[in-house]
Amino acid sequence: MTPAIDMAKKHKIDFKVHEYQHDASNESYGLEAAQKLALPAEQVFKTLVVSLDNQTLAVAVVPVSSMLSMKLMAKAAGAKKAHMAEAAAVERSSGYVLGGVSPLGQKRRLATVIDASAQQFEHIYVSAGKRGLDISLNPDDLQRLLNATFADICA
Numbered sequence: 834m835t836p837a838i839d840m841a842k843k844h845k846i847d848f849k850v851h852e853y854q855h856d857a858s859n860e861s862y863g864l865e866a867a868q869k870l871a872l873p874a875e876q877v878f879k880t881l882v883v884s885l886d887n888q889t890l891a892v893a894v895v896p897v898s899s900m901l902s903m904k905l906m907a908k909a910a911g912a913k914k915a916h917m918a919e920a921a922a923v924e925r926s927s928g929y930v931l932g933g934v935s936p937l938g939q940k941r942r943l944a945t946v947i948d949a950s951a952q953q954f955e956h957i958y959v960s961a962g963k964r965g966l967d968i969s970l971n972p973d974d975l976q977r978l979l980n981a982t983f984a985d986i987c988a
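Residue numbers for the sequence shown follow my numbering, beginning at 834 and rising by one.
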């Protein structure tokens, strides 16, 4: 079990775990998950950690088929600027390795924004906390568990 799966169990939400064989040479972890699980890339979401105004970390959950707009993310988070957080800061804050960062069960709870496109699906897929492992759940459940907001944050 991972902290992400433990969190989902603890809060008794409806979820499923999906495992696939991760190819270490694949650099696009999210697209790999969509391909190996035979899912539309719009329904598989990646977890990105950003730095807001060079101080605070925040989480963006966006479809693997899309690019995060730093301008829209900053606006949604109430900041002036956003940029990708450094890898070491992401791993230290989340407790996960890159490519396996889940929005659930992070060591430090960060402000989280989920792209509004998630609301069109009954279930979305996010990392379950390690490469080759995803969890599917209702986007509203994810939003409640993380006290997140929905906003248009993709370019």
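We put the beta carbon where it would ideally sit given N, CA and C, even for glycine.
Considering only residues of the same chain and omitting the five flanking positions on each side of residue i, which have a CB-CB separation below 7 Å?
i	result
A922	L890
L872	Y958
K963	T835, G933
G965	E852, Y853, Q854, H855
K879	G863, V895, V897
Please tell me whether residue i and residue j are closer than 7 Å, where the distance is taken between their beta carbons.
i	j	result
V895	D948	yes
A867	A874	yes
M906	A893	yes
L931	A918	no
S877	V897	Ser is not the amino acid found at residue 877; the sequence shown has Val there. Closer than 7 Å, so yes.
H844	L978	yes
L864	L881	no
S960	S935	yes
Tell me which same chain residues have a C-beta within less than 8 Å of the C-beta of residue i, skipping the five on either side of it?
i	result
D847	L970, N971, D974
Q939	P836, V892, S926, S927, G928, Y929
Quick one: what's residue i bridged to in DSSP?
i	result
V892	V882, T945
S969	K849, Y958
Quick one: what's got a C-beta closer than 6 Å to residue i's C-beta in the same chain, skipping five residues either side?
i	result
A951	I957, P972
L885	A891, A910, A912, A915
A981	T945, I947
L937	A837, M840
R941	S926
*Check whether the stretch 950-957 touches the stretch 851-859, counting contact only when three or more Cβ pairs, one atom from each stretch, lie closer than 8 Å.*
Judged by Cβ distances under 8 Å, the stretch 950-957 makes no contact with the stretch 851-859, as fewer than three pairs qualify.
*Report the residue ranges of all beta strand (DSSP E) runs contained in full by the stretch 841-877; include only those spanning at least 3 residues, in chain order.*
If we require 3 residues or more, the beta strand (DSSP E) runs fully inside the stretch 841-877 come out as 848-852.
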